[in-house]
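As you go down the protein sequences, you meet chains A, B and C in turn. Using numbering that gives the first Met the number 0, read the first sequence as starting at 0 and increasing by one per residue. Using numbering that gives the first Met the number 0, read the second sequence as starting at 0 and increasing by one per residue. Using numbering that gives the first Met the number 0, read the third sequence as starting at 0 and increasing by one per residue. Below you'll find the structure, written out as structure tokens, and then a few comments.
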Amino acid sequence: MSIRLGAIIAGLGIVGILFFWSLLPGAINYAPPEKPDYYAFKEKPIAPEGGFSFEGPFGKWDNAQLQRGYQVYKEVCAACHGLKFVAFRNLSELGYSEAEVQAEAANWTVPGIDPNTGETTTRPGKPTDQFPSPFANDVAAAAANNNAIPPDLSLMTKARKDGTNYLYSLLSGYGEPDPEIAATVPEFETPAGLYFNKYFSNVNIAMAPPIVIDGQVTYADGTEATVNQMSADVAAFLTWTAEPTLVKRKQTGWPVLGFLLFATILAYLSKKQIWAGLKPKKK
Amino acid sequence: MSFAWAKPYEPQTGFTKWIDEKLPLPRLVYNAVGAGYPVPRNLNYMWNFGVLAGFCLMIQIVTGVILAMHYAANTEVAFATTEHIMRNVNSGWLMRYAHANGASFFFIVIYLHIFRGLFYSSYKAPREMIWLLGVVIFLLMMATAFMGYVLPWGQMSFWGAKVITGLFGAIPLVGESLQVWLVGGFAPDNAALNRFFSLHFLLPFVIAGVVILHIWALHIPGSSNPTGIEVKQESDTVPFHPYYTAKDGFGLGIFLLAFTFMVFFLPNMLGHPDNYIEANPLSTPALIVPEWYFLPFYAILRAFTDDLTIPFTGIVLIQAKLLGVIAMFGSILLWFFLPWLDKSPVRSGHYRPMFKKFFWFGFIPCMIALFIAGGAPAEQPYVLLSQIATAYYFLHFLVILPIVSQIEVPKPLPYSITESVLGSDDAAPGKTASSGAKGADDIGSLQPAE
Amino acid sequence: MADANEANEGVRRRDFIHVAALSTAGVGAAASALPLVSQMAPSADVLAESTTDVDVSAIEAGQSIKTVFRKQPLFVKRLTPEEIAEANEVDVADLRDQESLTDRLGEGNEDILVTMGVCTHLGCVPLGAAEGENKGEYGGYFCPCHGSHYDTAGRIRKGPAPTNLVVPDFAFTSESVIRVG
Chain A
0 MSIRLGAIIA GLGIVGILFF WSLLPGAINY APPEKPDYYA FKEKPIAPEG
50 GFSFEGPFGK WDNAQLQRGY QVYKEVCAAC HGLKFVAFRN LSELGYSEAE
100 VQAEAANWTV PGIDPNTGET TTRPGKPTDQ FPSPFANDVA AAAANNNAIP
150 PDLSLMTKAR KDGTNYLYSL LSGYGEPDPE IAATVPEFET PAGLYFNKYF
200 SNVNIAMAPP IVIDGQVTYA DGTEATVNQM SADVAAFLTW TAEPTLVKRK
250 QTGWPVLGFL LFATILAYLS KKQIWAGLKP KKK
Chain B
0 MSFAWAKPYE PQTGFTKWID EKLPLPRLVY NAVGAGYPVP RNLNYMWNFG
50 VLAGFCLMIQ IVTGVILAMH YAANTEVAFA TTEHIMRNVN SGWLMRYAHA
100 NGASFFFIVI YLHIFRGLFY SSYKAPREMI WLLGVVIFLL MMATAFMGYV
150 LPWGQMSFWG AKVITGLFGA IPLVGESLQV WLVGGFAPDN AALNRFFSLH
200 FLLPFVIAGV VILHIWALHI PGSSNPTGIE VKQESDTVPF HPYYTAKDGF
250 GLGIFLLAFT FMVFFLPNML GHPDNYIEAN PLSTPALIVP EWYFLPFYAI
300 LRAFTDDLTI PFTGIVLIQA KLLGVIAMFG SILLWFFLPW LDKSPVRSGH
350 YRPMFKKFFW FGFIPCMIAL FIAGGAPAEQ PYVLLSQIAT AYYFLHFLVI
400 LPIVSQIEVP KPLPYSITES VLGSDDAAPG KTASSGAKGA DDIGSLQPAE
Chain C
0 MADANEANEG VRRRDFIHVA ALSTAGVGAA ASALPLVSQM APSADVLAES
50 TTDVDVSAIE AGQSIKTVFR KQPLFVKRLT PEEIAEANEV DVADLRDQES
100 LTDRLGEGNE DILVTMGVCT HLGCVPLGAA EGENKGEYGG YFCPCHGSHY
150 DTAGRIRKGP APTNLVVPDF AFTSESVIRV G
């Protein structure tokens with residue numbers, strides 16, 4: 000009895016504290032949550048027309064698109080963003096031959112050590128090298144970019160909710176604030192040095208629009224390089240860099256699930272058989 | 000095992016006899032999960048989760064030991080070695096996804112196991128020790144899971160570590176020194192990461208040890224069952240093998256289907272995108288949330304927003320932060336007292352009309368509310384929701400359960416498990432009219448088919 | 000009779016289900032062991048580290064350099080005319096591991112001897128690559144662990160090692176650079 004009496008007192012005590020010191024004042028002073036004014040502009044990411052080939056349970060990489068995306072990364076993004084978890088050798092998964100990978104790697108300059116003096120220097124990349132980061136360190140990156148450090152892109156599509164579509168929307172979604180909405184939040188403004196983008200977390204992003212005009216990149220395969228096309232391609236490429244095993248994972252999943260379904264049905268039949276002798280006759 | 004009709008282990012061959020004399024391990028297994036363990040014949044599928052939890056522990060230990068072969072616990076490289084596992088190690092992505100989702104599934108299974116125990120009052124005498132050991136396992140699991148989540152050294156890892164170790168700072172007098180001691184520095188860094196790795200590797204084996212005690216304690220009184228009445232006679236039970244091995248095998252199949260579906264098709268659904276950003280002590284993520292399985296307790300922690308003061312004086316008795324910490328730990332520690340809070344002689348919720356109402360319309364919605372509030376930002380109306388749910392949580396266990404167990408009129412119980420299954424039991428004294436005459440051939444049909 | 004047959008049929012089918020269920024579980028367990036085992040094999044980044052470029056222009060006759068190939072020591076040595084002559088004097092048929100100097104140098108290579116710096120006995124690093132080290136009784140390399148003597152062509156001549164020092168695949172990518180691997 001004593002434990003229970005103590006418990007009842009303790010329980011009422013905890014509830015009393017909550018009630019009188021938080022719940023009651025909270026309920027009395029309840030005010031609907033106040034959202035910052037940029038919430039009015041924010042939009043959920045959209046998918047490009049036709050979606051992406053690797054989506055869905057049977058998705059596959061579109062190597063042509065990944066190669067185009069790589070080209071966009073190389074010619075546009077790489078100036079500020081690294082790809083440090085990806086090695087040049089990984090490019091062979093995009094359908095490049097070994098010789099092409101070698102040549103591609105050699106196009107990049109990576110940090111190295113002079114074999115004679117031991118001083119840091121640069122050298123052409125080898126397939127085993129990781130993609131180099133454009134800045135020596137975060138301090139240099141911040142200094143060169145108005146204090147906003149351009150993040151490494153290796154994992155970007157996994158590091159954002161609905162990452163692939165987010166990236167596509169962000170890259171193709173720069174523009175002016177909707178004047179109608181802007182009229183409802185007169186205080187809102189985009190500070191100097193930032194750019195309005197309705198898909199960014201607080202709609203004011205430090206990155207200048209990277210993909211600005213159609214034809215900014217001349218695709219080797221002749222695809223028309225519209226802003227949307229380039230954005231979709233690079234989003235696809237960065238999905239691959241974030242998870243190169245994505246397609247393999249799904250492809251492994253099906254036989255595993257199929258096998259388990261088969262095994263589970265057998266287990267059910269076996270269980271049913273064993274219990275059959277025990278079941279009472281229904282009356 | 001305590002039942003007189005438990006089938007004794009009889010080694011058949013010379014070799015098994017020889018083993019049995021030297022090390023009676025086969026005998027132990029036979030009596031624990033073999034034909035030598037009589038189990039109530041009426042267990043429903045809620046009784047599958049004990050075995051499944053053991054299986055989850057095994058998945059975690061196997062995949063965890065493998066991940067430890069490739070991982071390095073150093074803040075400089077922890078994130079990179081995790082990516083190395085995902086990209087370069089053969090099947091490394093599979094190991095990591097299985098381990099990460101395995102933790103989630105472990106908690107799903109454990110929560111169902113605990114809810115089953117709460118509904119059927121599995122904590123009541125003579126099974127208090129099983130329950131107490133179970134709570135110990137749960138606490139160890141929480142510690143293990145928390146430290147494991149820190150290891151990839153992503154943003155959520157770091158900030159989770161910082162927030163949770165910060166809780167200890169709330170303890171009066173020693174709090175701050177305790178916090179500094181826990182992380183081996185002024186903020187989580189190499190020292191913390193390394194000790195978390197070491198303990199994360201150690202604790203699962205401690206859990207395995209307590210699991211053995213848990214099962215040992217289970218075999219003293221034997222398994223509980225959905226009617227909550229004790230086993231009276233041989234016809235109330237069936238041997239664990241083959242009946243429950245087969246049933247658990249089927250349950251395992253269903254579990255694995257769900258588990259592999261998550262691993263292969265939605266491996267990041269239960270995770271958080273921010274943990275794919277390397278830890279940055281200079282930038283806090285917009286919304287710090289723990290893994291989903293901690294959300295209810297996180298909600299209780301955050302429910303206390305105001306200091307406890309003497310009214311109209313402004314003298315602070317207990318700070319809100321400390322109140323939250325006490326309530327969070329208290330919410331689990333009170334489970335230790337459950338066997339003595341709920342003294343109703345009836346175990347199963349099926350025969351307790353009042354308890355049943357509070358369970359389904361009070362406790363379960365309260366837990367759901369805590370899950371929702373714990374994952375939401377600290378703004379209205381979620382703060383209010385978490386406070387109401389927290390208040391109910393403590394009311395339920397500390398006030399409602401003791402009072403209900405006093406005043407409730409339970410429904411009549413069946414005479415025996417056999418009667419509850421078959422509708423009649425020959426052994427019952429003064430058989431009721433409805434159950435007369437039919438019993439005889441039912442008992443006969445209890446024998447296994449072969 | 001018919002009844003008995005039917006009963007037998009039934010028994011067999013029941014057994015079949017249990018056997019099938021158990022063997023499926025066994026197959027599943029074995030299959031899931033595969034990735035658990037294969038994860039210990041070299042990872043993709045290790046397998047990719049397969050070639051090393053060595054600049055041989057600065058090596059003078061009689062000198063060797065030690066470098067690293069696939070995380071193991073690699074000896075690159077420019078032989079003197081005397082060493083070449085000494086190596087060529089030996090009757091290949093008398094050797095434990097029968098290779099001539101030209102076999103080991105490869106086509107179009109006069110004097111650059113490329114060998115692994117790993118004794119074929121138990122894997123120690125032989126001496127003789129650096130100035131002033133014991134070159135063994137045959138003027139090449141000498142393994143101090145168990146006393147294997149290699150001649151100027153890196154061939155085993157005395158001691159417990161079973162084969163000559165391994166010559167990895169290599170090719171000249173230019174006048175002065177060889178690519179090993």
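Backbone N, C-alpha and C define an ideal beta-carbon position, used for all residues, glycine too.
Which runs of the alpha helix (DSSP H) spanning at least 4 residues fall entirely within the segment 280-347 of chain B, listed in chain order? As summarised for the segment 280-347 of chain B, the continuous alpha helix (DSSP H) elements at least 4 residues long and confined to that stretch are 294-302, 319-332, 337-340, given in chain order.
In terms of residues, what are the limits of the beta strand (DSSP E) holding B:Pro238? The residue you call residue 238 of chain B lines up with position 239 of the second sequence. First-last of the beta strand (DSSP E) with B:Pro238: 236-238.
When the Cα atoms are used, what is the spatial distance from A:Ser230 to A:Ser171? To locate residue 230 of chain A, count along the first sequence from 1; it is residue 231. To locate residue 171 of chain A, count along the first sequence from 1; it is residue 172. One C-alpha to the other measures close to 6 angstroms.
Does C:Ser49 have its Cβ less than 9 angstroms from a Cβ in chain B? Taking the third sequence and counting its residues from 1, the one referred to as residue 49 of chain C is at position 50. For C:Ser49, the answer is no, since every Cβ of chain B falls outside 9 angstroms of its Cβ.
Beta-carbon separation of B:Ala278 and B:Ala302 under 9 angstroms? The residue given as residue 278 of chain B occupies position 279 in the second sequence. The residue given as residue 302 of chain B occupies position 303 in the second sequence. For B:Ala278 and B:Ala302, no; Cβs fall outside 9 angstroms.
B:Leu321 versus A:Asp177 - alpha carbon distance: Position 322 of the second sequence, counted from the start, is the residue given in the question as residue 321 of chain B. Position 178 of the first sequence, counted from the start, is the residue given in the question as residue 177 of chain A. If you take the alpha carbons of B:Leu321 and A:Asp177, they lie about 46 angstroms apart.
Residues of its chain near A:Ile112, where Cβ-Cβ distance is below 8 angstroms and the 5 sequence neighbours each way are ignored: Taking the first residue of the first sequence as 1, we reach residue 112 of chain A at position 113. Contacts found: Glu118, Thr119, Thr120.
Would you check if there are 3 or more beta carbon pairs closer than 8 angstroms linking the segment 198-211 of chain B to the segment 57-66 of chain B? Between the segment 198-211 of chain B and the segment 57-66 of chain B there are three or more C-beta pairs closer than 8 angstroms, enough to call the two in contact.
Give, in chain order, every residue of the segment 91-103 of chain B whose Cβ lies closer than 8 angstroms to some Cβ of chain C. Only those residues of the segment 91-103 of chain B whose C-beta falls short of 8 angstroms from the nearest C-beta of chain C are listed: Gly91, Leu93, Met94.
Return the CA-CA distance between B:Phe185 and B:Val76, expressed in angstroms with no decimal places. On the second sequence, position 186 is the one that residue 185 of chain B refers to. On the second sequence, position 77 is the one that residue 76 of chain B refers to. So the alpha carbons of these two residues sit roughly 21 angstroms apart.
A:Thr120 - partner residues in DSSP beta bridges: The residue labelled residue 120 of chain A in the question sits at position 121 within the first sequence. In the DSSP output, where bridge partners are listed per residue, A:Thr120 has A:Gly111.
Expected contact under 8 angstroms - CB spacing of A:Thr263 and B:Gly252 to nearest Å: Stepping through the first sequence from its first residue, residue 263 of chain A is reached at position 264. Stepping through the second sequence from its first residue, residue 252 of chain B is reached at position 253. Between A:Thr263 and B:Gly252 the beta-carbon gap is near 3 angstroms, inside 8 angstroms, which marks them as a contact.
B:Glu82 - DSSP class collapsed to helix/strand/coil: The residue you call residue 82 of chain B lines up with position 83 of the second sequence. When DSSP states are grouped into helix, strand and coil, B:Glu82 belongs to the helix group.
Below 8 angstroms on the Cβ atoms is my contact criterion, and I expect B:Ala298 with B:Gly373 to pass it. Report the Cβ-Cβ distance as a whole number of Å. In the second sequence, counting from the first residue as 1, residue 298 of chain B sits at position 299. In the second sequence, counting from the first residue as 1, residue 373 of chain B sits at position 374. Cβ atoms of B:Ala298 and B:Gly373 come within 8 angstroms of each other, at about 4 angstroms.
Can you tell me which of the three DSSP states C:Gln71 falls into? Start at 1 with the first residue of the third sequence, and residue 71 of chain C comes out as number 72. Here C:Gln71 carries a strand assignment [DSSP, helix/strand/coil].
Distance between beta carbons of B:Asp235 and B:Arg40, contact taken as under 8 angstroms: Position 41 of the second sequence, counting from 1, holds the residue named residue 40 of chain B. Position 236 of the second sequence, counting from 1, holds the residue named residue 235 of chain B. Contact flag correct, Cβ pair sits at about 6 angstroms.
Separation of B:Val420 from B:Ala34, as counted between CA atoms: Taking the second sequence and counting its residues from 1, the one referred to as residue 34 of chain B is at position 35. Taking the second sequence and counting its residues from 1, the one referred to as residue 420 of chain B is at position 421. Using only the alpha carbons, I get a separation of about 21 angstroms.
For B:Pro401, which residues in the same chain have their Cβ closer than 8 angstroms to its Cβ, ignoring the five residues on either side in sequence? The count along the second sequence starts at 1 and reaches residue 401 of chain B at position 402. So the qualifying residues of the chain are Leu340, Asp341, Lys342.
On the three-state DSSP scale, how would you describe A:Pro208? Numbered from its first residue, the first sequence carries residue 208 of chain A at position 209. Here A:Pro208 sits in coil by DSSP.
At the 9 angstroms Cβ level, is A:Thr244 part of the contact set with chain B, yes or no? Position 245 of the first sequence holds residue 244 of chain A. Cβ-Cβ to chain B under 9 angstroms: yes for A:Thr244.
Under 9 angstroms between C-beta atoms, does B:Gly63 make it to chain C? Mapped onto the second sequence, residue 63 of chain B falls at position 64. Answer no: the Cβ-Cβ gap between B:Gly63 and chain C never drops below 9 angstroms.
If you drop the 5 nearest sequence neighbours on each side, which residues of the same chain put their C-beta closer than 8 angstroms to that of B:His395? Sequence index remark: in the second sequence, residue 395 of chain B carries index 396 (1-based). These residues qualify, in order along the chain: Phe357, Gly361, Phe362, Cys365.
To the nearest angstrom, how far is the alpha carbon of C:Glu81 from that of C:Val179? Counting from 1 along the third sequence, the entry for residue 81 of chain C is found at position 82. Counting from 1 along the third sequence, the entry for residue 179 of chain C is found at position 180. For the pair C:Glu81 and C:Val179, the Cα-to-Cα distance works out to about 26 angstroms.
Do B:Val50 and B:Gly250 come within 9 angstroms of each other at the CB atom, strictly closer than that value? Here residue 250 of chain B refers to the residue found at position 251 when the second sequence is read from its first residue. Here residue 50 of chain B refers to the residue found at position 51 when the second sequence is read from its first residue. In terms of Cβ geometry, B:Gly250 and B:Val50 form a close pair [threshold 9 angstroms].
At the 9 angstroms Cβ level, is C:Thr172 part of the contact set with chain A, yes or no? Against the third sequence, residue 172 of chain C aligns to sequence position 173. Answer no: the Cβ-Cβ gap between C:Thr172 and chain A never drops below 9 angstroms.
Between which two residues does the beta strand (DSSP E) containing B:Pro39 stretch? The residue given as residue 39 of chain B occupies position 40 in the second sequence. Element bounds for B:Pro39: 37-39.
Contact set between C:Ala43 and chain B, taken where Cβ atoms lie within less than 9 angstroms: As a first step, residue 43 of chain C must be located in the third sequence, where it is residue number 44. Those within 9 angstroms of C:Ala43 in chain B are Arg86, Asn87, Val88, Asn89.
Counting contacts by CB-CB distance shorter than 9 angstroms, is A:Gln215 in contact with chain E? Annotation note: the requested chain E is absent from the structure, which comprises protein chains A, B and C.
For the ligand ZN, is there a heavy atom less than 8 angstroms away from the beta-carbon of B:Ala102? With respect to the ligand ZN, the structure offers nothing, as it holds no ligand at all.
Smallest Cα separation from A:Ala234: which of A:Val100, A:Thr127, A:Val75? Your numbering for residue 234 of chain A matches position 235 in the first sequence. When only C-alpha atoms are compared, the closest one is A:Val75.
Residues in the same chain with beta-carbon distance under 6 angstroms from B:Pro447, minus the five sequence neighbours each way, listed in chain order, please. The count along the second sequence starts at 1 and reaches residue 447 of chain B at position 448. With a pLDDT of 40 at B:Pro447, under the threshold of 50, the modelled position of this residue cannot be trusted; read the value that follows with caution. Around B:Pro447: no qualifying Cβ.
According to DSSP, simplified to helix, strand and coil, what is A:Tyr173? Along the first sequence, read from residue 1 onward, the residue named residue 173 of chain A stands at position 174. A:Tyr173 sits in a strand when the DSSP states are folded into three classes.
Contact set between A:Thr127 and chain C, taken where Cβ atoms lie within less than 7 angstroms: Within the first sequence, residue 127 of chain A is the residue found at index 128, counting from 1. Near A:Thr127 (Cβ distances below 7 angstroms), the residues of chain C are Ala47, Glu48.
Measuring CB to CB, does B:Arg86 end up less than 9 angstroms from A:Thr251? As a working mapping, residue 86 of chain B is identified with position 87 in the second sequence. As a working mapping, residue 251 of chain A is identified with position 252 in the first sequence. Not a contact, by the Cβ cut-off of 9 angstroms.
Can you confirm whether A:Ala104, when its beta carbon is compared against all beta carbons of chain C, has any partner nearer than 9 angstroms? As a working mapping, residue 104 of chain A is identified with position 105 in the first sequence. No, no contact with chain C.
Run through DSSP, which three-state label would A:Phe18 get? For the purposes of this step, residue 18 of chain A is identified with residue 19 of the first sequence, where counting begins at 1. In the three-state DSSP reduction, A:Phe18 falls in the helix class (H, G or I).
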